[in-house]
Amino acid sequence: MPDFTITRTFDAPRATVWRAWTDPTVAAQWWHPHEVTTPAESVRIDLREGGGYAYLMIDPTGGEWPTAGEYLEVREPERLRFTWGTPDAPRGPDVPVITVDLAEVPGGRTEMTFHLDGRADDRGTEYSVYDGWTEAFEVLDGVLAG
């Protein structure tokens, strides 16, 4: 199955990065690439194994990108594992799964390992999933700094 990993170190404590992934108000600020927005009222998070999440990204042309999934593993503050797709995506073995591992590193910082099973490293292509997540993490950097 195709997959890719992005590892990034944030200048914020692990509990703060965990909150960025799990608090709807904070998630709305960064769950999107550059030039795209996520309305706060569109973000829903039921943070428990078997619970779900959903949000809507809106691109500059007004195009809408609804996204949703189910939490498969929730181990605060170190690991989230969840399906990732559209709200009407069929369930099954081919649904992409994201694993986010958060590790404390010296200086009160957090190393995040983001792994997406089910999508290839497509960086540089139009509508690149890899590039979209990379940009979202750049937005998250700014949110954490603010």
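Positions in the sequence shown are counted from 1; adding 1225 to them yields this note's numbering.
Even glycine gets a Cβ: it sits at the ideal position worked out from N, Cα and C.
Who does residue i pair with in a DSSP beta bridge?
| i | result |
| --- | --- |
| Arg1304 | Arg1300 and Asp1326 |
| Tyr1278 | Ile1270 and Gly1294 |
| Thr1247 | According to DSSP, Thr1247 bridges with nothing at all. |
When you compare each of the options to residue i by their alpha carbons, which one comes out closest?
| i | options | result |
| --- | --- | --- |
| Pro1312 | Asp1319, Ala1279, Val1320 and Val1299 | Ala1279 |
| Pro1315 | Arg1269, Gly1294, Pro1302 and Ile1323 | Gly1294 |
| Arg1304 | Asp1356, Arg1273, Tyr1352 and Gly1357 | Arg1273 |
| Pro1249 | Phe1229, Asp1356, Ile1231 and Asp1271 | Asp1271 |
| Gly1288 | Tyr1352, Gly1371, His1340 and Trp1358 | Tyr1352 |
| Thr1232 | Pro1331, Asp1347 and Thr1324 | Thr1324 |
| Thr1247 | Pro1331, Gly1357 and Val1268 | Val1268 |
| Thr1359 | Thr1286, Gly1371 and Phe1339 | Phe1339 |
With a CB to CB cut of under 8 Å and the five nearest residues on each side skipped, what residues in its chain are close to residue i?
| i | result |
| --- | --- |
| Thr1335 | Thr1234, Phe1235, Ala1237, Pro1238, Arg1239, Thr1241, Val1242, Leu1327, Ala1328 and Glu1329 |
| Trp1290 | Val1261, Leu1281, Met1282, Ile1283 and Asp1284 |
| Val1368 | Ala1245, Val1251, Gln1254 and Trp1255 |
| Ala1361 | Trp1255, Trp1256, His1257 and Pro1258 |
Can you tell me whether residue i is helix, strand or coil according to DSSP?
| i | result |
| --- | --- |
| Glu1336 | strand |
| Arg1233 | strand |
| Gly1186 | Residue 1186 lies beyond the residue range present for the chain, which begins at 1226 and ends at 1371; the question has no answer from this structure. |
| Glu1289 | strand |
| Thr1241 | helix |
| Asp1228 | strand |
| Thr1359 | helix |
| Asp1366 | helix |
Return no unless some Cβ of chain C is closer than 8 Å to the Cβ of residue i.
| i | result |
| --- | --- |
| Pro1258 | The chain inventory of the structure shown lacks chain C, comprising one protein chain alone. |
Which residues in the same chain as residue i place their Cβ atom closer than 6 Å to its Cβ, once the five residues preceding and following it in sequence are excluded?
| i | result |
| --- | --- |
| Gly1276 | Tyr1296 |
| Thr1308 | Gly1294, Glu1295, Val1320 and Val1322 |
| Asp1366 | none |
| Pro1264 | none |
Could you pull out every residue in the same chain whose Cβ sits closer than 7 Å to the Cβ of residue i, ignoring the five residues on either side in sequence?
| i | result |
| --- | --- |
| Pro1302 | Arg1239, Ala1240, Trp1243 and Leu1327 |
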